[in-house]
Structure formats: C-alpha cells, structure tokens
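Student: If you read the sequence shown in numbering that gives the first Met the number 0, its first letter stands for residue 0, the second for the next number, and so on. Cβ coordinates follow ideal geometry from the N, Cα and C atoms, glycine included.
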Amino acid sequence: MINNQYIEFLREAKLLIPQNRIYTDELRRLAWGTDAGFYRMIPQIIIRSANEEEVSQLLSLANKYKLPVTFRAAGTSLSGQAISDSILIIAGKHWEEYHIAEDRLSVSLQPGIIGEKVNEILAPFGRKFAPDPASIKSAMVGGIVINNASGMSCGTKGNSDKMLLSAKLVFTDGSMLNTADVNSRKRFETNHPSFIPQLIAIREKIRANKKLCDRIKYKYAIKNVTGLNILPFVRFNDPYDIITHLMVGSEGTLAFLSEVTMRTEYDYPFKASAMLYFKTIKEACKAVVDMKGITDIQDTQEGTFNPFPVKAAELLDWKSLASVSDPIYLEYKKDNDNKTTEGLTAILTETRASSVEELQRNISAIQKVLQNHETYIPVHFTDKPEEYSKFWAIRSGIFPAVGGTRKPGTTCLIEDVAFHIEDLPNATADLQQLLTRHGYDDACIYGHSLEGNYHFIINQSFESEDEVNRYEKLMTEVKTLVVDKYDGSLKAEHGTGRNMAPFVRYEWGDDAFEIMKEVKHLFDPNNLLNPGVIFNDDPKCYVKNFKPLPLIPLPQDNPVSKVNRCIECGFCEVNCVSCGFTLSSRQRIVIQREISRLKQSGENPDRVTLLEKQFDYSGNQTCAGDGLCSMSCPMGINVGDLTHLIREQHLPKNSFGYKIGNYFGVHLSEIKGALRPILSLANFGHTVIGTKTMTDITKGMHHLIGIPLWTSAMPKAYYKKEIPVSKTEPNKVVYFPSCINQTMGLAKNSPVKEPLINKMVTLLEKGGYEVVYPKGMQNLCCGTIWESKGMPDIADRKTKELEDALWTASEHGKYPILCDQSPCLHRMRKKITKMKLYEPVEFIYVYLKDKLEFTQTNRPVAIHITCSTREMGLADMLINLAKLCSTKVLIPEGVGCCAFAGDKGFTHPELNAYALRKLRPQIEKEKIKIGYSNSRTCEIGLTTHSGIPYISIAYLVDECTKTKNKNNIS
Numbered sequence: 000m001i002n003n004q005y006i007e008f009l010r011e012a013k014l015l016i017p018q019n020r021i022y023t024d025e026l027r028r029l030a031w032g033t034d035a036g037f038y039r040m041i042p043q044i045i046i047r048s049a050n051e052e053e054v055s056q057l058l059s060l061a062n063k064y065k066l067p068v069t070f071r072a073a074g075t076s077l078s079g080q081a082i083s084d085s086i087l088i089i090a091g092k093h094w095e096e097y098h099i100a101e102d103r104l105s106v107s108l109q110p111g112i113i114g115e116k117v118n119e120i121l122a123p124f125g126r127k128f129a130p131d132p133a134s135i136k137s138a139m140v141g142g143i144v145i146n147n148a149s150g151m152s153c154g155t156k157g158n159s160d161k162m163l164l165s166a167k168l169v170f171t172d173g174s175m176l177n178t179a180d181v182n183s184r185k186r187f188e189t190n191h192p193s194f195i196p197q198l199i200a201i202r203e204k205i206r207a208n209k210k211l212c213d214r215i216k217y218k219y220a221i222k223n224v225t226g227l228n229i230l231p232f233v234r235f236n237d238p239y240d241i242i243t244h245l246m247v248g249s250e251g252t253l254a255f256l257s258e259v260t261m262r263t264e265y266d267y268p269f270k271a272s273a274m275l276y277f278k279t280i281k282e283a284c285k286a287v288v289d290m291k292g293i294t295d296i297q298d299t300q301e302g303t304f305n306p307f308p309v310k311a312a313e314l315l316d317w318k319s320l321a322s323v324s325d326p327i328y329l330e331y332k333k334d335n336d337n338k339t340t341e342g343l344t345a346i347l348t349e350t351r352a353s354s355v356e357e358l359q360r361n362i363s364a365i366q367k368v369l370q371n372h373e374t375y376i377p378v379h380f381t382d383k384p385e386e387y388s389k390f391w392a393i394r395s396g397i398f399p400a401v402g403g404t405r406k407p408g409t410t411c412l413i414e415d416v417a418f419h420i421e422d423l424p425n426a427t428a429d430l431q432q433l434l435t436r437h438g439y440d441d442a443c444i445y446g447h448s449l450e451g452n453y454h455f456i457i458n459q460s461f462e463s464e465d466e467v468n469r470y471e472k473l474m475t476e477v478k479t480l481v482v483d484k485y486d487g488s489l490k491a492e493h494g495t496g497r498n499m500a501p502f503v504r505y506e507w508g509d510d511a512f513e514i515m516k517e518v519k520h521l522f523d524p525n526n527l528l529n530p531g532v533i534f535n536d537d538p539k540c541y542v543k544n545f546k547p548l549p550l551i552p553l554p555q556d557n558p559v560s561k562v563n564r565c566i567e568c569g570f571c572e573v574n575c576v577s578c579g580f581t582l583s584s585r586q587r588i589v590i591q592r593e594i595s596r597l598k599q600s601g602e603n604p605d606r607v608t609l610l611e612k613q614f615d616y617s618g619n620q621t622c623a624g625d626g627l628c629s630m631s632c633p634m635g636i637n638v639g640d641l642t643h644l645i646r647e648q649h650l651p652k653n654s655f656g657y658k659i660g661n662y663f664g665v666h667l668s669e670i671k672g673a674l675r676p677i678l679s680l681a682n683f684g685h686t687v688i689g690t691k692t693m694t695d696i697t698k699g700m701h702h703l704i705g706i707p708l709w710t711s712a713m714p715k716a717y718y719k720k721e722i723p724v725s726k727t728e729p730n731k732v733v734y735f736p737s738c739i740n741q742t743m744g745l746a747k748n749s750p751v752k753e754p755l756i757n758k759m760v761t762l763l764e765k766g767g768y769e770v771v772y773p774k775g776m777q778n779l780c781c782g783t784i785w786e787s788k789g790m791p792d793i794a795d796r797k798t799k800e801l802e803d804a805l806w807t808a809s810e811h812g813k814y815p816i817l818c819d820q821s822p823c824l825h826r827m828r829k830k831i832t833k834m835k836l837y838e839p840v841e842f843i844y845v846y847l848k849d850k851l852e853f854t855q856t857n858r859p860v861a862i863h864i865t866c867s868t869r870e871m872g873l874a875d876m877l878i879n880l881a882k883l884c885s886t887k888v889l890i891p892e893g894v895g896c897c898a899f900a901g902d903k904g905f906t907h908p909e910l911n912a913y914a915l916r917k918l919r920p921q922i923e924k925e926k927i928k929i930g931y932s933n934s935r936t937c938e939i940g941l942t943t944h945s946g947i948p949y950i951s952i953a954y955l956v957d958e959c960t961k962t963k964n965k966n967n968i969s
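1. So what does G930 bridge to, in DSSP terms?
2. In angstroms, rounded to a whole number, what distance separates the CA positions of T303 and V860?
3. Determine the DSSP secondary structure at T621, reduced to helix, strand or coil.
4. In angstroms, rounded to a whole number, what distance separates the CA positions of P750 and M693?
5. Exposed or buried, which one is A712 when buried takes at least 16 other CB atoms within 10 Å?
6. Could you check what DSSP says for L703 in three-state terms: helix, strand or coil?
7. Could you pull out every residue in the same chain whose Cβ sits closer than 7 Å to the Cβ of Q586, ignoring the five residues on either side in sequence?
8. Using 8 Å as the threshold, is the stretch 511-524 in touch with the stretch 603-611, meaning 3 or more CB pairs across them?
9. Mind reading off the beta-carbon distance from F37 to L412? Whole number of angstroms is fine, and I expect it under 8 Å.
10. Should C897 and C937 be called a contact, given that it needs their Cβ atoms to be closer than 7 Å?
11. What number of angstroms, rounded off, separates the C-alpha of F418 from the C-alpha of H447?
12. Where L553 and R564 are concerned, what is the direct C-alpha to C-alpha distance, given to the nearest angstrom?
13. Taking the alpha-carbon positions, what's the Q4 to L66 distance?
14. If I measure Cβ to Cβ from H437 and keep anything under 8 Å in the same chain, skipping five residues before and after, which residues do I get?
15. At what residues does the alpha helix (DSSP H) containing K472 begin and finish?
16. When DSSP labels each residue in this structure, what does E301 get in the three-state scheme?
17. From the DSSP output, read off the bridge partner residues of N445.
18. Under three-state DSSP, which class holds I145?
19. Measuring straight from C-alpha to C-alpha, what distance separates G494 and S83?
20. Compare the Cα-Cα distances from A808 to each of M834, D795, T783 and P948 and report the closest residue.
21. Between P110 and G141, is the Cβ-Cβ spacing less than 7 Å?
22. Using a Cβ distance threshold of 8 Å, determine whether the stretch 339-349 contacts the stretch 269-289, with at least three qualifying pairs required.
23. For G782 versus R646, is the C-beta spacing smaller than 7 Å?
24. For V680, count the other beta carbons within 10 Å of its own beta carbon; 16 or more makes it buried, fewer makes it exposed. Which is it?
25. Count the other C-beta atoms from every protein chain shown that fall within 10 angstroms of the C-beta of P231, then say buried if there are 16 or more, exposed otherwise.
26. Could you pull the start and end residues of the alpha helix (DSSP H) that I99 belongs to?
27. By the three-class DSSP mapping on this structure, what secondary structure does Y387 have?
28. I want to know whether the stretch 150-169 touches the stretch 242-262 - three or more CB-CB distances under 8 Å.
29. So, using beta-carbon positions, are V68 and I86 closer together than 7 Å?
30. Would you grab the beta carbon distance between S945 and N778 for me? Rounded to a whole angstrom, and I think it's under 8 Å.
31. Between I233 and V54, how many whole angstroms is the CB-CB distance? I'm expecting something under 8 Å.
32. Distance, Cα to Cα, K63 vs T171?
33. Could you name the residues of the same chain whose beta carbon sits closer than 7 Å to that of Y505, not counting the 5 residues immediately before and after it, in chain order?
34. May I have the straight-line CA-CA distance separating D298 from S152, to the nearest angstrom?
35. Out of curiosity, what's the CA-to-CA distance linking E301 and Y265?
36. Opposite Y38 in the DSSP bridges: which residues?
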C-alpha cells in the first residue's frame, strides 16, 4: 500500500505534470519494474518527464518528502541501475533535441536520443558519435553517458568521459547548472556557496596522496566503471570540468543529466573487417595482444583519437559462435566428427582509413602480424558493407542470442570484467576454467578483447538455495581472480548498479572508496538519487530481487513460442510504435509472463484479473501487430504474433465475434457491397456540411458510442463497374487489387483523378503488360484482417482461396502476380510460396523500370516506408524508385510504423496520431505538397496527420515516366 508521503507527493505532482504522464496502476508499475538486467523492483510512481523544468520541480518535490528517485532512458542497462521501488522518472521520448556545432566537431544532445540516431545525424558531415556499445541501436545517450558505456571500438580513448565537453544538470534540490555557461556557474555558486570549495578540497586531498593518484591512473588505463568515476580529480583543475565528468559513470546517483555536449569523432570513409578463427582461446588472445601493438603507419586524419590501425577486436568463444550457428563453427564441429568444438575462438577485427590505399596498408600490416599465429581458416578481410555488416550484427546480438538458448525458466546473467592487455591470454584462460569449475557448462565469453574487456554470460536458476550459493561462490572467485590476481576491473562498462555495489570497496580500497562516498554526500546529502546503486550496505544485495522469467504456455509448433526465449533486453522497443504511449513490446511480454506465473502458481487470482483487465487496452488493443519489433530483436521475436494469439484466445469458435468474422469471410463480396453505400453517404455528408462540422460530429460519436472515426481523408466508394478491362499487350501480369482498393476510391479532395486500380492498369499497360484478373476476385482476400483479429483459421482459408484463384489466373505460376497493397502482399508471400508475388514497388523496379523513361520532377515529395515494405527488405528499393522520379525525396525522421494497422486508425485513432506526431512539422518545413506510399489504409492516416494527401507510389511513377522507345530497350 502506498504510504502518506507518496500520496502527498503524488497530489502535488499532478499539479505539475499532466495526468496521462503519471502512472500508478498495477499494470504499468510492473511493466516499468523491468529493464535489460536481471533484477526487478516495482516502482510506486512512474512519471514521464518532458523537460528540464519538470524534472527540477519533481526533484524539489521528492526532496521535500525525502522520497528516492531513479532516472531511466531506454532501460537497456544490465546491472540494475534503471529500476526502483520508489519514484521512477522517465527521460526518453520527450528528450530528443540536438544541436550540431557549426564546425561539426561537437554536438549537444538530450538524453532520449538513441545512439544510432546520433550517428545518422552526424553522417552527412563525416562525423560520428564515439561511444559504440553493442546496444547503440536501442540505448539512449543519457544511459550511454551516465553509465560510461563504451563498446566495441572506442576503448578508453573515445568513451563518454573522454569525449564529454560540458553538461546541463539538475540537482537533488531542483537547482540547475549548465557547466559551460558563466552565468549559470555564478548562480550555482550563489545558491550553493560551500559546494565548489568542498569539491576543491576533495581534489586536493586526492592530489596530496601520490599512491592514490597513481592507483587512479592505473585503474583507468583500462575500462573501469566500478564505483563513481574519480578520474576527473586527476585530469582537471577547473571544478566545473570535474563536475561535468563526475556525471560519467555516476548511474544517476549524483544528479539528473538533461543535456551533454560532446566532441564528435571523424568517421573514416573506408572500412574493412575480418572474422579470424583460432583453435584455442589463448592463441586468439595472443594474436590480439600483437595486433594492439601495431602502430599507425602514417599520420592520422585530424580529429581522430586512435593512432592505431586496428580499431576493434571482438572475441567470441566457441559457445558464443554456437549460439548464432556460425557457419565456420559448424564446419569446425563437422571436421572434429561432432566430438568437441571446445577451443575454437573467433576474433572479429576492423580497420578504418581515410583512403583506399591507407586501408590496404592497414590490412597488410595486420596480416603480417597474424602470420605469427595459426588460424583455422585463412585470413580474409572484406571492405563490402553488405558482408561485414553481417559480422557486426552477429556480434551485437550475442547477449540476446545466448540468452535465448538458456534452459526454460532460468535467468540470463551477464557479467563484465576487464584486464590489462598484457594479462589477457592468461586471464582469459583462467576465467574460462573458473566458469567450468563451477558447473556453468553453457557459459560463454565474448567482448572487447582489444581493451581487455570481456563479458561472460551464465544462465542461472535461483529456485533453490544451492543454486543461489553456487552463484555466490562463483562471484567470490571472480572477485578474487579479477582483483587479487590481475588487479583488473569488476565492471568495465555495464555500470556498477546493484550487481557490483558490494564489491566497490574491495576493488578500490578504503582511500578511494571514501572519496567516492564524499562525492556522493556532496551531491546527494539525503541519499535520494538511485539509492542502492553503487553504494549499498547490504552485502547480499546482488543476490536479491532477481526477476523471474517464467514460461508463457504457448504452442511449440507456433512461431509465437519464440517469445519464451526473450531476455527482456529492450532492443525491440526502438521499433515498437506504442512504446511511450501505452506498453512496449518488451513490456507486453513482461506482463504476460507475470500473468502466466500467477496462474500457474494459483496465487493472488484477484491480481490476475486486474492485470488482464488493464492489459486489454494497453497491451492488446493498442498493439499495432506490425511485427517491426522482430526486426530489431536478435532472436527475431515478433510480439505481434503473441498479440494475435491473445486475441484468438479471446475469440473461441462458439463466440459471437468469431461467428461474425466467419460470416464476413464467407460473404466478403456482399460485405464490400454494403460498405460502398456507407462510404458514399459519408462523402455526401462531407460535401454538404463541410469538413469541420463533419469532423466534430463524427469525433463526438466516436467518443460517445465508439463508432470508427471518420476523417477528411476517408475515400469515396469504388464500384465494380469502374474496374477497367486491359488492352492486349506482349507480356501478362496477374493483378489482384486488394479488397481495400476494390472498395475504396479517391478521397474528396484527392490531387489525382483516377482511382488506384485504374491508374495501376494504365501504368502496367504503359510498361507493355496486359492485365489478367483472378476470377471471383470480389470475394477474394489475403486474410490479413482475420489474422490481425485473432482468427487465423479463417485467415488461412481466405488465403487458400486466393492462392487457388491466382494459380489458375497465372496459368500455374507462368505469369508474375501483383497486389497493390504492401501489407496484403506481405502475408501472401509468407503463405503462398509457389508463385512469384510482388507489391507495386518491387514489380515496377523489376519489371517496368527498364521499359520506362523516367524524367525527374523538382517537386519535393515525401515517402512513407510501410512496415511490410521494411520487413520484406524493400525499403531501399522504394527510396531509389522515388529518387528516379524526384530530385528531392524526404524520408521523415522518427516515423516508423504509422499504426493505422488495417482498421486501428479508425477504431483507435489515438495510436495513429501518436505514431505520426513528428510527421507534419517535417512536411511543412520542406514545403511538400504530396506524399507517397504503397498501402491505402496507411495513406489515410498519413493524410490525416500530415496535412497533405498521401497516395500510391504508382501515381508518382506514372507522372514521371513515358514508354521507352523500343529501339532503346536492350
């Protein structure tokens, strides 16, 4: 039960923050109690902050009631530093502003920008964001900096601490400081007169202790995030520089980081990678030591920080290779008659250069060093992005992939240590033996060997005291090995968190640890910021509050069963359209696991009922089911499949909803016939009473009685008699107009005159194709709508009907088949494999492009890449096709899935509005008048929220082409 202090805090917080950004319900408290680590704590209150002023007010309020606060960005941290049992303040979706300096050598960033997005922003200027953690596609800048996450190639010379220039902070009393602004400094000193003198006193205490100074320099010569970062006291004189850099690695225990200004890194235009294979892990490590010793063979480009040609060397032991079914590992296994694969170790290495010649010199230098080491296969570098990007994708996904192979019901733990490079071969072998000695036969070792930094993954059960004791004994020996034998780092880049908090003093010694405590007390005298993280008086805190990963009972023959392999890393969330609105894909799994656990144990049935009730809207109704989450999940887990299964369970075959769905499937032609007069009536009303009045009336009816929401983008009806008969042409294509386009024509204020079916036929004939329609197409459908509603059997039946009709129309696959709706084609391709199926973009690109003469228009156009286009790997093709037509093509930033999701834009328009919240400003800024896509329903939502009409890409291609002179066709 929430106590009085929280009640009072909540009462006042509601006066500062809109109600829809404050969560206290059971569902979201559970959902936000999980991050990528292996602990769980349930917050009392979650608040989505929007700006610095809000955070200032909230911290002042928390300070008033002496309530602890934890900050969270993406929640991809691994050591328990982004969870709380008190107040959790989220700084993600609303914190995405940035500013690039005129010289491009620095960039100012808010904490909610995803790391990879920063690289996309800087790429046109030949610059990049230096830290490169494996989670960079999902992790946000705030978490990267505050944890000093470094990654695969930046090492210690390009980590956040070395690249940081200044910061904007909010302190626990609500006061704000911009360390780069003179006036802000003066105000801070006026309001906190003793702060700077105390900070200087700590600095001088450290510098007066030569032994401590030397130890600090030695410890930070390798990656180290154990405890607070006290290197700034040695590196800097200016107290504000010290304050700035104390934030790096502080894990939210000192202040809130509202903005950072960081140096950018030169992005070498030429890169090459090689996957090197060695027969033993020790030999692999010896090769790494030698590669690190290669010095630069010529002067480096100004702005770079690493004078060595080897930019990365990522180690993957044989178990890591096995988890991703590495082909060379499988070959090695076969060569050894499947008896043993122990020993095989890969080193994924990369070199970069400013020119092709320099790149080749780098490769030659590396190959020369490797001649002294026996490799399993010959050394081969590739400079082809399409090849080496696959290597790095494998590396980035090791943690989730290994976690996905764990024994069902166990917890996946990842530890993070570092050794000095000269100790690497022996230390690695010792670590491997230690894991084996404690019975962790499925443990794997991988990581940044060039920096002596390894991660090891273990799959651990905590169901018995013996298992807990086994883990404790392991960690005790890890501590002894890393600290006592090699004087390394117990935490290299994942943050101390709760996981290593009991061992900070052990690693650093009393003098350094007391300095850290002084810093903590100076910044946070009441210990309100992320208590229990870094500083924790409970020596057993690292074996408490483990999050359960129970199995969800799922059919093993269904792809949805992959959900049970999820380790809740959060990589999926970058593509989840409802993340930040209701629940994310990760959170849906979290909730379903807890519901399953409670049902299986029989405990607290009232809580089960409550969670299921609260999940219905946030988890079920507002899941777009688009499947994009699977594209950023290393395991390919599609939470949309889980949502469809839940919907199926809610629609048993004897239910009214299922019977209605079945009736619609049997009588689809009649249903479409009934919809057309409704569309015509709506269009008549729109014409008579006008857009504003029609919008107001229908919006009121939507809120009052739940009818689907009408918008001014709603099309008129399209009638069967309008379907054109194709002329005889030399080539044939089977054209299946989707049932949407068979029913919906043009919107009232459409910029084009011909409905899509007619335009598609015109374009096909222009390219020399005669159109063949499948028989009975008025009753044909791909089945997507039934699949999305949880009626897979009806969906499959409709797909089979369509397949049979297309097989006949195509003369048993002789002719290609075109469907004008990308989402429909996506399902068709998954279910129909014996024919060549195309949506408009690919068909035009493959069959029509060479038969048409393109003339670019200077009119700027916007392109929306639908989810299905992305999932089919056609995004680049769509962009290239648009660029053949226009000299100015905009792909709006921050717009992924539009969330119209078939009919969800009508039934839950709030999700569609949230998904497209960033669209209109970009359209207006670029003065774009028309947008293009390849899905009719998506185009309705895009038109509604962009302020411009969106139509099929076929219209743009037709506008910008003419039939190529046959004499010019090769």
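Tutor: By the coordinates alone:
1. The residue labelled residue 930 in the question sits at position 931 within the sequence shown. Answer is A861 and Y949, bridged to G930.
2. As a position in the sequence shown, residue 303 is number 304, starting the count at 1. As a position in the sequence shown, residue 860 is number 861, starting the count at 1. Low per-residue confidence applies at T303: pLDDT is 44, beneath 50, and the placement is therefore not dependable, though the value from the model is reported in the following sentence. Their Cα atoms are separated by approximately 37 Å.
3. The residue you call residue 621 lines up with position 622 of the sequence shown. Coil.
4. In the sequence shown, counting from the first residue as 1, residue 750 sits at position 751. In the sequence shown, counting from the first residue as 1, residue 693 sits at position 694. Those two C-alpha atoms are separated by around 21 Å.
5. For the purposes of this step, residue 712 is identified with residue 713 of the sequence shown, where counting begins at 1. Buried.
6. Numbered from 1 along the sequence shown, position 704 holds the residue referred to as residue 703. Residue state, collapsed to three classes: helix.
7. The residue given as residue 586 occupies position 587 in the sequence shown. A30.
8. no
9. Residue 37 sits at position 38 when you count from the first residue of the sequence shown. Residue 412 sits at position 413 when you count from the first residue of the sequence shown. Right, their Cβ atoms sit about 5 Å apart.
10. Here residue 897 corresponds to residue number 898 of the sequence shown, with the count starting at 1. Here residue 937 corresponds to residue number 938 of the sequence shown, with the count starting at 1. Contact flag set, yes.
11. On the sequence shown, position 419 is the one that residue 418 refers to. On the sequence shown, position 448 is the one that residue 447 refers to. Distance between the alpha carbons of F418 and H447 is about 11 Å.
12. The residue labelled residue 553 in the question sits at position 554 within the sequence shown. The residue labelled residue 564 in the question sits at position 565 within the sequence shown. Distance between the alpha carbons of L553 and R564 is about 12 Å.
13. Position 5 of the sequence shown, counted from the first residue, corresponds to residue 4. Position 67 of the sequence shown, counted from the first residue, corresponds to residue 66. Using only the alpha carbons, I get a separation of about 8 Å.
14. Along the sequence shown, read from residue 1 onward, the residue named residue 437 stands at position 438. Only R469, K472, L473 and E476 meet the Cβ criterion.
15. Numbered from its first residue, the sequence shown carries residue 472 at position 473. Taken as a continuous stretch (DSSP letters only), the alpha helix (DSSP H) holding K472 covers E464 to K478.
16. To locate residue 301, count along the sequence shown from 1; it is residue 302. Model confidence at E301 stands at a pLDDT of 43, short of 50, so the residue's coordinates are unreliable; what they give is reported in the following sentence. It is coil, neither helix nor strand.
17. Counted from its first residue, the sequence shown places residue 445 at position 446. According to the sequence shown, residue 445 is Tyr rather than Asn. DSSP output for Y445 lists L315 and H454 as bridge partner(s).
18. Residue numbering aside, residue 145 sits at position 146 when the sequence shown is read from its first letter. Looking at I145 - three-state DSSP - the assignment turns out to be helix.
19. On the sequence shown, residue 494 is found 495 positions in, with the first residue counted as 1. On the sequence shown, residue 83 is found 84 positions in, with the first residue counted as 1. Cα to Cα, G494 sits roughly 16 Å from S83.
20. Residue numbering aside, residue 808 sits at position 809 when the sequence shown is read from its first letter. Closest option to A808, Cα to Cα, is M834.
21. Translated into positions along the sequence shown, residue 110 becomes position 111. Translated into positions along the sequence shown, residue 141 becomes position 142. In this structure, G141 lies closer than 7 Å to P110 by Cβ.
22. yes
23. Residue numbering aside, residue 782 sits at position 783 when the sequence shown is read from its first letter. Residue numbering aside, residue 646 sits at position 647 when the sequence shown is read from its first letter. In this structure, R646 does not lie closer than 7 Å to G782 by Cβ.
24. Locating residue 680 in the sequence shown gives position 681, where the first residue counts as 1. For the record, residue 680 in the displayed sequence is Leu; it is not Val. Counting Cβ neighbours within 10 Å, L680 comes out exposed, since fewer than 16 surround it.
25. Residue mapping note: residue 231 aligns to position 232 of the sequence shown, counting from 1. Buried is the call here.
26. Translated into the one-based positions of the sequence shown, residue 99 becomes position 100. Looking at the DSSP string, I99 is not in any alpha helix (DSSP H); the run it does join, the beta strand (DSSP E), is Y97 to I99.
27. Taking the first residue of the sequence shown as 1, we reach residue 387 at position 388. Helix.
28. yes
29. As a first step, residue 68 is located in the sequence shown; it is residue number 69 there, counting from the start. As a first step, residue 86 is located in the sequence shown; it is residue number 87 there, counting from the start. Going by C-beta atoms, V68 is nearer than 7 Å to I86.
30. As a working mapping, residue 945 is identified with position 946 in the sequence shown. As a working mapping, residue 778 is identified with position 779 in the sequence shown. Actually they do not touch by this definition, with Cβ atoms about 34 Å apart.
31. Indexing the sequence shown from 1 puts residue 233 at position 234. Indexing the sequence shown from 1 puts residue 54 at position 55. For the sequence presented, residue 233 should be read as Val rather than Ile. The pair is not a contact, with the Cβ atoms about 30 Å apart (cut-off 8 Å).
32. As a first step, residue 63 must be located in the sequence shown, where it is residue number 64. As a first step, residue 171 must be located in the sequence shown, where it is residue number 172. Straight-line Cα distance between these residues: approximately 10 Å.
33. Working through the sequence shown from its first residue, we reach residue 505 at position 506. Result list for Y505: K478 and V482, in chain order.
34. Numbered from its first residue, the sequence shown carries residue 298 at position 299. Numbered from its first residue, the sequence shown carries residue 152 at position 153. Caution is warranted here: a pLDDT of 43 is assigned to D298, below 50, making its placement in the model unreliable, and the coordinate value is therefore given only provisionally. Answer to the nearest angstrom: the Cα atoms are 20 Å apart.
35. Residue mapping note: residue 301 aligns to position 302 of the sequence shown, counting from 1. Residue mapping note: residue 265 aligns to position 266 of the sequence shown, counting from 1. At E301, the pLDDT of 43 sits below 50, so the modelled position is not reliable; the number obtained from the coordinates is stated separately. Taking the straight line from one Cα to the other gives about 8 Å.
36. Within the sequence shown, numbered from 1, the residue matching residue 38 stands at position 39. F545.
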